[in-house]
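For reference, the structure discussed in these notes is given below.
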Amino acid sequence: MKARLPSYFSFSQANDLVRIGRQNDGGYLVSMSDIEKSDLLIGLGICDDWSFENDFIKHKDVEVIAYDASVNFRFWLKRVLVETIKNPFSLHGVKKVISYRKFFQGKRRHIKKFVGLSTLNESHCTFLEVLNEAGNKNVFLKIDVEGSEYRFLSDILNNEDRVTGMVIELHDCDIHLDEIEEFIRKCGLSLVHIHANNYAPIRLDDNLPLVLELTFSKHAELSNSCTLPHKLDMPNNKNSPEYELLISDNI
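Right, here's the structure in full:
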């Protein structure tokens, strides 16, 4: 299935892309050079999947700070109860809780906060507070916060000197195209890969995909050409065909 993007999405692909995270949904392509230059991985949004964080530290054993207020005691209790109702003999929910407890310890922390807002509610924090927590480390960003990313795109731009690389999932692209264009044009990091999430639909009148995964790099060597989808790409929804991305001026 073909999807189209405006010409300002044009990019040069990194020569050293690797797939980090699980197969299908939750895995992203990033530059190995950026991983090697990073001291800290900040994951904004984890839900029940920290495969990206787990794969990242296999390449370089950095500190990890993950933010997600939705993952708490009630989240895991519900998860275990639902799994047990579906299959009383299944231990999948319990095993997931054990995996979570095993991963997030020591220098791998989970902070139970949503990122993007300054509120009186302690379950929220700003992106600048995230950076303050990070100290002076070279940071790799993984961002999947279901639409809240637009609340702090300008803060990323203002602090991009601290960012070695970044993968960001952009939601509801049809109503945020102007913001996305401004972010791409102003960002000092190189856009090195694009993937369309096939869980989201394509807008019929112009074939615009509504959810995109963008990879930015500070250190990658760039190719003069790019192929989409990349050989390491996988459809997020394994039961639906991958989107074939075309970049053109006709949008």
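Residue numbering for the sequence shown follows the working numbering, starting at 6 and increasing by one per position. Here a beta-carbon is modelled for each residue, glycine too, at the ideal position from N, C-alpha and C. No experiment lies behind these values; they were computed from the predicted model shown.
The criterion of a C-beta distance shorter than 8 Å is not satisfied by residue 70 and residue 106. Just so you know, the alpha carbons of residue 207 and residue 236 end up roughly 22 Å apart. Here DSSP, grouped into helix, strand and coil, assigns residue 98 to helix.
The beta carbon of residue 103 sits closer than 7 Å to no other beta carbon from its chain once the five residues preceding and following it are set aside. Secondary structure in the stretch 104–159: the alpha helix (DSSP H) runs of 4 residues or longer, each lying completely within the stretch, are 132–139 in chain order. In the pairwise beta carbon analysis, the stretch 28–39 is classified as not touching the stretch 7–17: fewer than three pairs are separated by under 8 Å.
Membership of residue 252 in the beta strand (DSSP E) is indicated by the continuous run 249–253. Annotation: residue 201 to residue 186 spans about 16 Å, alpha carbon to alpha carbon. Remark: fewer than three beta-carbon pairs, one from each stretch, lie closer than 8 Å, so the stretch 57–71 and the stretch 87–98 are not flagged as touching.
Excluding sequence positions up to five before and after residue 241, its CB lies within less than 7 Å of the CB of 29, 30, 202, 203, 204, all in the same chain and listed in chain order. Rounded to whole angstroms, the separation of the alpha carbons of residue 86 and residue 176 is 30 Å. Ranking 56, 122, 137, 35 by CA distance to the CA of residue 167 puts 137 first. Here residue 34 is buried, its C-beta having at least 16 other C-beta atoms within 10 Å.
Taking 3 residues as the shortest admissible run, the stretch 155–197 contains the following complete beta strand (DSSP E) segments, listed from N- to C-terminal end: 168–175.
Looking at 10, 59, 43, 12, the one whose alpha-carbon comes closest to that of residue 24 is 59. Residue pairing of residue 7 in beta bridges, as defined by DSSP: 249. In the DSSP assignment, residue 220 falls within the unbroken beta strand (DSSP E) covering 217–222. Judged by their CB atoms, residue 43 and residue 145 are nearer to each other than the 8 Å cut-off.
Collapsing the DSSP output to three states places residue 86 in a helix. Beta-bridge pairing by DSSP links residue 207 to 214. The beta carbon of residue 72 is closer than 6 Å to those of 49, 116, 118, 120 in its chain, skipping five residues each way along the sequence. Beta-bridge pairing by DSSP links residue 72 to 49, 116. In this structure, the alpha-carbon of residue 244 lies about 22 Å from that of residue 251.
Between residue 213 and residue 179, the C-beta gap is smaller than 8 Å, which places the two residues in contact. The bridge partners DSSP lists for residue 12 come to none. Secondary structure at residue 56: helix, using DSSP grouped into helix, strand and coil.
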